[in-house]
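Chain order of the listed sequences is A and B.
Residue 243 in the UniProt record's numbering sits at position 243 of the first sequence, with consecutive numbering throughout.
Residue 29 in the UniProt record's numbering sits at position 29 of the second sequence, with consecutive numbering throughout.
Structure record follows, encoded as structure tokens.
Number of protein chains: 2
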Amino acid sequence: MLPELKIQPLRCVLAIVDAGGFHAAARQLHRTQPAVSMAVRELEQRLGEPLFEKGGKATLTPFGAYCLPRFRELITRHDRLSRELAAQVQKQAGHVDMAAVPSVASRLMPRLLNDFILRYPELRVSLQDGNADFVRRLVAGGEVELGLTSLWQRDDDLAFTPLMRDAVGVVCRDDHPLAGRETLGWEALQGQVLIRNGTSRLLEGTEAEPLLAESAFDISNMISLTAMLVAGIGITTLPRLAFPEEYERLRFIPLVDPRVERELGLLRPGRRSLSPAAQAMEAFIIEALGETD
Amino acid sequence: MLPELKIQPLRCVLAIVDAGGFHAAARQLHRTQPAVSMAVRELEQRLGEPLFEKGGKATLTPFGAYCLPRFRELITRHDRLSRELAAQVQKQAGHVDMAAVPSVASRLMPRLLNDFILRYPELRVSLQDGNADFVRRLVAGGEVELGLTSLWQRDDDLAFTPLMRDAVGVVCRDDHPLAGRETLGWEALQGQVLIRNGTSRLLEGTEAEPLLAESAFDISNMISLTAMLVAGIGITTLPRLAFPEEYERLRFIPLVDPRVERELGLLRPGRRSLSPAAQAMEAFIIEALGETD
DNA sequence: TTCAATGATCAGGCTTTCTTACCGTCCAGG
DNA sequence: CCTGGACGGTAAGAAAGCCTGATCATTGAA
Chain A
1 MLPELKIQPL
11 RCVLAIVDAG
21 GFHAAARQLH
31 RTQPAVSMAV
41 RELEQRLGEP
51 LFEKGGKATL
61 TPFGAYCLPR
71 FRELITRHDR
81 LSRELAAQVQ
91 KQAGHVDMAA
101 VPSVASRLMP
111 RLLNDFILRY
121 PELRVSLQDG
131 NADFVRRLVA
141 GGEVELGLTS
151 LWQRDDDLAF
161 TPLMRDAVGV
171 VCRDDHPLAG
181 RETLGWEALQ
191 GQVLIRNGTS
201 RLLEGTEAEP
211 LLAESAFDIS
221 NMISLTAMLV
231 AGIGITTLPR
241 LAFPEEYERL
251 RFIPLVDPRV
261 ERELGLLRPG
271 RRSLSPAAQA
281 MEAFIIEALG
291 ETD
Chain B
1 MLPELKIQPL
11 RCVLAIVDAG
21 GFHAAARQLH
31 RTQPAVSMAV
41 RELEQRLGEP
51 LFEKGGKATL
61 TPFGAYCLPR
71 FRELITRHDR
81 LSRELAAQVQ
91 KQAGHVDMAA
101 VPSVASRLMP
111 RLLNDFILRY
121 PELRVSLQDG
131 NADFVRRLVA
141 GGEVELGLTS
151 LWQRDDDLAF
161 TPLMRDAVGV
171 VCRDDHPLAG
181 RETLGWEALQ
191 GQVLIRNGTS
201 RLLEGTEAEP
211 LLAESAFDIS
221 NMISLTAMLV
231 AGIGITTLPR
241 LAFPEEYERL
251 RFIPLVDPRV
261 ERELGLLRPG
271 RRSLSPAAQA
281 MEAFIIEALG
291 ETD
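Structure follows, in structure tokens:
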């Protein structure tokens, strides 16, 4: 019913008007002159009305003059879209929504993001942080495209790329009896006031699990937790990356018996693919963190 | 450099999403399913990025989801333009700028325009009136597409289609000595107070030309002219169509010796063509006025 | 008049794009 | 468990579109 206007013939018309002739337009379009003639003729009979006067020179008919700005507008819109999509694909535009557990977000991401925007100055990144389950749900729900977290449970719809191992240790104040030790075994912790936190689940299923039963507190908020540690109320276990180094009075002593580690890695949707920008981020993270592992 | 997005593949993408599958889309587009598949694939490799997930079902990638509304917008714009141009060609939209000499504008155009808009209810008409030279210049300058006028001078860039002849006669008040005459010869006018007007040039080159030299006034404005005629100050010559019938005291007596006529017709640009709406107007006028001639 | 430049035209070949036919996968119902 | 039907992908051939190169008619200027 309604005729299909192809972009190229429209571009021909513009070129003819701008260049002032079929030959000039052909040169400008890197075509031969008959190609331009035929494209115009085809367009004209598709519209059912001539665009150029018949006699010799390349002059627009009134109808052609009416069409010209409209053609120009459509072409402009087409080109803008084309450019925009090309920019997306070539990672010169776009943005990535991602999430990370707090330790990664605060310890690794600053440098990582800084390097990333040096490499891709045009891309924008949004980063949320939250516990591992929160990150997992964001990725699964499609609210973010990438998550940096440790994997608690397998999920067939998600793909996990391990990047680094993060050893769990004991955190206590510098005047604690254990503070001077280089390493620790779980037996040494028996009888201590152990404060549980969100990462304590890492001990589950290890020899150290009985300790959890003894713990008096369960503090999930990191600020509160460090406050209690600094106050000397008790000790806790944390992965090294989550250990708040900026508190001078706190000490981290690796747990070696048993060795407990969490595996940090990149979580992404398994079936769905990533936006071009997120692809760039994924590759960048794997390259940056994969080499140190 | 920038890829050429053709409309049809984009339409395919929309159809796949809207219909929820390649087969359904193919049915909706009156194509076969492989055609749809290939169109999408071609588009994808032109963009350099998949639009649909590979696994079985027709699911958009994030990039595809990003593209979808933009595709939809471009297609909408394309279709709107296509429809608009089709409407112009089929005379369901558009407007005509035209001009006419006052006599035609006031005597012929009202009925003509009324009939025209009955025939083409969607078209809009702008009508200017002015003397023959003014009309000629508007047409020649492209400010109007059509003129209804008498032709004074030939112009190779203008085409004139004669439509009707308009006989010149003498106009005087009902108590004038000549008022009772059925016809007049030029000798009868000798010694009368003749008021020249814009149409008096019609007498030039005829036997009646000597009368012009005797005329005491030259009044171009029609209101002023009729006022002087009604006041009985003098007489004048006018084409019949220009004779103001609404003044009861004025009489029109045809000049038969010599017969002087002006030829009214349609003036249009000779080389340039007309807008679809003006083509409709031209054909309509020639049909309407050509039959009475 | 001649010459150069413009657009139009035509035959051919190349590319695109459709169709028909067939294949592999997945899921539901027997 | 297997089997039929729906899904989308693939391959080969045919049709259509589109470009090129050569040629022609017209026009305007030297």
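For each residue, glycine too, the CB sits at the ideal point set by N, CA and C.
For clarity, every value in this text was computed on a predicted model and none was experimentally measured.
Answer yes or no: do residue i and residue j have a C-beta to C-beta separation smaller than 8 Å?
i, j, result
"A:Val101", "A:Ala140", "no"
"B:Pro239", "B:Thr226", "no"
"A:Gly147", "A:Met98", "yes"
"B:Leu203", "B:Val256", "no"
"B:Thr161", "B:Leu266", "yes"
"B:Asp79", "A:Leu47", "no"
"B:Leu151", "B:Glu263", "yes"
"A:Glu149", "A:Asn197", "Sequence check: residue 149 of chain A is Thr here, not Glu. Cβ atoms of A:Thr149 and A:Asn197: not closer than 8 Å."
"B:Leu68", "B:Val104", "no"
"B:Phe252", "B:Gly169", "yes"
"A:Lys91", "A:Ala280", "yes"
"A:Phe71", "B:Pro276", "no"
"A:Leu178", "A:Pro269", "no"
"A:Ala208", "A:Pro258", "yes"
"A:Ile195", "A:Gly234", "yes"
"A:Arg77", "B:Arg77", "yes"
Nearest to residue i by CA position, among the options, is which residue?
i, options, result
"A:Arg249", "A:Pro239, A:Thr183, A:Ile286 and A:Asp175", "A:Asp175"
"B:Met164", "B:Ala35, B:Pro3 and B:Ala288", "B:Ala288"
"residue 330 of chain A", "B:Ala86, B:Ala208, B:Glu245 and B:Ile286", "The structure shown does not extend to residue 330 of chain A, since chain A spans only 1 to 293, so no value can be given for it."
"B:Ala35", "B:Glu53, B:Gln128, B:Cys12 and B:Ser150", "B:Cys12"
"B:Thr206", "B:Phe63, B:Glu187, B:Thr76 and B:Arg173", "B:Glu187"
"A:Met228", "A:Val193, A:Glu214 and A:Ala25", "A:Val193"
"B:Cys172", "B:Ser106, B:Glu143 and B:Pro254", "B:Pro254"
"A:Phe134", "A:Gln153, A:Ala65 and A:Pro121", "A:Gln153"
"B:Ala278", "A:Tyr66, A:Ser82 and A:Leu81", "A:Tyr66"
Can you give me the C-alpha to C-alpha distance between residue i and residue j, rounded to a whole angstrom?
i, j, result
"A:Ala242", "A:Arg119", "27 Å"
"B:Arg136", "A:Glu4", "40 Å"
"B:Ala231", "B:Gly180", "18 Å"
"A:Asn114", "A:Val125", "11 Å"
"A:Leu138", "B:Leu10", "31 Å"
"A:Pro50", "B:Ala19", "38 Å"
"B:Leu127", "B:Glu145", "11 Å"
"B:Arg41", "A:Ala93", "23 Å"
"A:Leu60", "B:Arg201", "37 Å"
"B:Phe284", "B:Asp155", "24 Å"
"B:Leu212", "B:Gly290", "33 Å"
"residue 319 of chain B", "A:Arg272", "What the structure shows of chain B is the stretch from 1 to 293, and residue 319 of chain B is not part of that stretch, so it cannot be assessed."
"A:Pro210", "A:Gln190", "9 Å"
"residue 350 of chain B", "B:Arg31", "Residue 350 of chain B is absent from the structure shown; chain B starts at 1 and stops at 293."
"A:Ile286", "A:Arg107", "16 Å"
"B:Leu274", "A:Ala58", "16 Å"
"B:Ile219", "B:Met109", "25 Å"
"B:Tyr247", "B:Ile223", "11 Å"
"A:Thr183", "A:Glu214", "21 Å"
"A:Asp166", "A:Glu282", "20 Å"
"B:Gln88", "A:Ile117", "51 Å"
"B:Leu81", "A:Leu43", "14 Å"
"A:Phe52", "A:Lys6", "18 Å"
"B:Ala39", "A:Met38", "25 Å"
"B:Pro121", "A:Pro121", "57 Å"
Quick check: is any heavy atom of the ligand NAD less than 7 Å from the C-beta of residue i?
i, result
"B:Leu241", "The model depicted lacks the ligand NAD and carries no ligand whatsoever."
Return the Cβ separation of residue i and residue j in integer angstroms, given the expectation that the two are a contact with Cβ distance under 8 Å.
i, j, result
"A:Phe22", "A:Gln33", "5 Å"
"A:Leu112", "A:His95", "Contact flag wrong, Cβ pair sits at about 16 Å."
"B:Leu29", "B:Ile75", "13 Å between Cβ atoms; not a contact."
Mind listing, in chain order, the continuous beta strand (DSSP E) runs of no fewer than 3 residues lying wholly within the stretch 132–208 of chain A?
-> Complete beta strand (DSSP E) runs here, min 3: 146–150, 158–173 and 194–196.
Completely contained alpha helix (DSSP H) runs for the stretch 47–129 of chain B, where each covers 4 or more residues = List check, alpha helix (DSSP H) in window: 62–89, 102–107 and 109–119.
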